[in-house]
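First comes the structure, then the notes that go with it.
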Amino acid sequence: MSDWYTAGLEDDMRPRMFAAADRGEAFALVTITAAEGGGPRGGGAQMVVTADDMGGFLSGGCIEADVALHGREVLATGAPKRVVYGRGSPYVDTRLPCGGRLELLVEAVPPDDPAIAALRRAREERRVVTLISDGRRRTVVDGPTDHTDRLCDYAPVQRLVVIGSDAFALAMAAGGQAQGWQVTLVRPKGPETPPPLAVDYRRDEPAVALADLAPDRWTAVAIATHDADLDHEAIVSALGRETGYVGVLGARRRLPDRLARLKAAGVSAQNLMRLHAPIGLNISAHAPQDLATAVIAEIIGSRA
């Protein structure tokens with residue numbers, strides 16, 4: 219492993235699984251099956267190890283290189299193994315500094331394993347699924363489960379729809395992009411030139427864009443148009459759907475008028491309670507990057 223393990227920033231291992239399968243390459247899937255103590259990662263956290271690469275993060279950087287050795291051993295033999303770090307571990311030189319204990323399942327996955335195709339379909343269709351495995355046979359089932367061989371629950375990728383065009387909107391879009399989220403920037407009647415970010419870009423009206431994007435509970439909508447009518451249209455459309463988060467930028471003193479207009483438009487009291495206004499955690503954010511941090515943190519907190 220290099221001095222800087224940037225692949226540890228990756229949390230969702232499905233892209234690495236799919237990439238290996240597309241190359242016709244087997245990989246070792248390593249999953250935390252039990253975690254005790256004060257470690258940074260819990261059950262279900264994963265790594266993917268190939269013959270010459272690795273990705274994912276299971277602890278504070280103290281076991282990943284050793285985990286890769288176990289992964290490559292399993293790739294060579296084809297036999298799964300269970301590995302313990304911490305209390306009760308036979309690996310004296312890889313005790314966990316946090317004093318915790320991790321139990322891992324290391325299994326070899328061939329590129330044509332049906333579970334990979336099932337995970338790919340579920341990701342495309344934005345379905346929650348669970349991977350069940352005994353180390354040799356893998357099954358993907360819909361929804362979370364308490365099955366004894368359950369390895370990991372996979373949720374749809376978080377999406378962020380930012381409606382606006384100024385520095386605040388761009389900072390929020392960039393913040394979501396840095397999180398690895400699927401980001402769409404909506405600028406009604408905006409220029410044909412896309413924004414200087416690698417995000418999806420739309421020029422249609424908020425209601426049209428949201429209807430086409432079909433938000434779900436893993437979709438956050440951040441509204442920052444600075445236009446009362448556009449804001450109103452976007453809020454009504456977003457709150458009328460199964461969005462996981464809806465926030466709007468604006469002065470707190472304008473909030474009573476905004477809420478009154480939404481109520482007059484038929485937005486229910488229950489849906490009004492879902493609106494985060496002003497948007498973002500209250501950290502006295504004024505600069506665009508500060509506000510983006512407050513918004514990203516609020517979205518993450520809303521998922522708990």
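In terms of my numbering, the sequence shown opens at residue 219 and continues consecutively.
Cβ atoms here follow ideal geometry from the backbone N, Cα and C, with glycine treated the same way.
Item                                                                                                                                                         : Value
Between the region 405 to 413 and the region 356 to 373, are three or more C-beta pairs nearer than 8 Å?                                                     : no
Name the one or two DSSP bridge partners that Asp418 has.                                                                                                    : Thr402
Quick one, which of Ala446, Ile497 and Arg405 has its alpha-carbon nearest Leu428's?                                                                         : Arg405
Cutting at 6 Å between CB atoms, please list the residues of its own chain near Gly226, excluding the five before and the five after it.                     : Phe275
Which runs of the alpha helix (DSSP H) spanning at least 4 residues fall entirely within the region 234 to 275, listed in chain order?                       : none
So, are the CB atoms of Leu457 and Arg492 less than 8 Å apart?                                                                                               : yes
Between His494 and Glu516, how many whole angstroms is the CB-CB distance? I'm expecting something under 8 Å.                                                : 6 Å
Within the continuous beta strand (DSSP E) that includes Gly554, where are the two ends?                                                                     : Nothing can be reported for residue 554, as the shown portion of the chain is limited to 219 through 522.
Tell me whether Gly382 is buried or exposed, calling it buried when 16 or more other Cβ atoms sit within 10 Å of its Cβ.                                     : buried
Count the C-beta pairs between the region 282 to 300 and the region 366 to 384 that are closer than 8 Å, then say yes if the count reaches three, no if not. : no
Taking the straight line between their C-alpha atoms, what separation do you get for Asp508 and Arg435?                                                      : 25 Å
Check whether the Cβ atoms of Val324 and Val292 lie closer than 8 Å to each other.                                                                           : yes
Can you give the beta carbon distance from Ala392 to Ala510, rounded, assuming they're within the 8 Å contact cut?                                           : 7 Å
Quick one, which of His365, Val513 and Val327 has its alpha-carbon nearest Ile350's?                                                                         : His365
So, using beta-carbon positions, are Val379 and Val439 closer together than 8 Å?                                                                             : yes
Which class does His288 belong to by DSSP, given the choice of helix, strand or coil?                                                                        : helix
In the DSSP assignment, what residue or residues form a beta bridge with Val379?                                                                             : Thr402 and Val439
Closer than 8 Å is the cut-off here; do at least three beta carbon pairs connect the region 262 to 270 with the region 336 to 347?                           : no
Report the three-state DSSP secondary structure of Gly351 (helix, strand or coil).                                                                           : It is Ser, not Gly, that sits at residue 351 in the sequence shown. Ser351: strand per DSSP, three-state reduction.
Please check the pair Glu192 and Thr251, which I expect to be a contact at CB under 8 Å, by giving their CB distance rounded to whole angstroms.             : There is no way to answer for residue 192, as the model of the chain reaches only from 219 to 522.
Closest to Ala244 by C-alpha separation, out of Trp222, Gly262 and Arg290, would be which residue?                                                           : Arg290
Can you tell me which of the three DSSP states Arg319 falls into?                                                                                            : strand
What did DSSP end up calling Ala326 once you bin it into helix, strand or coil?                                                                              : strand
From His504 to Val375, what distance separates their C-alpha atoms?                                                                                          : 29 Å
Taking the alpha helix (DSSP H) that Val454 falls in, what are its first and last residues?                                                                  : Ala446 to Leu457
Cα separation between Pro474 and Leu490?                                                                                                                     : 12 Å
From Asp229 to Ala482, what does the alpha carbon distance come to, in whole angstroms?                                                                      : 43 Å
Helix, strand or coil for Asp221 per DSSP?                                                                                                                   : coil
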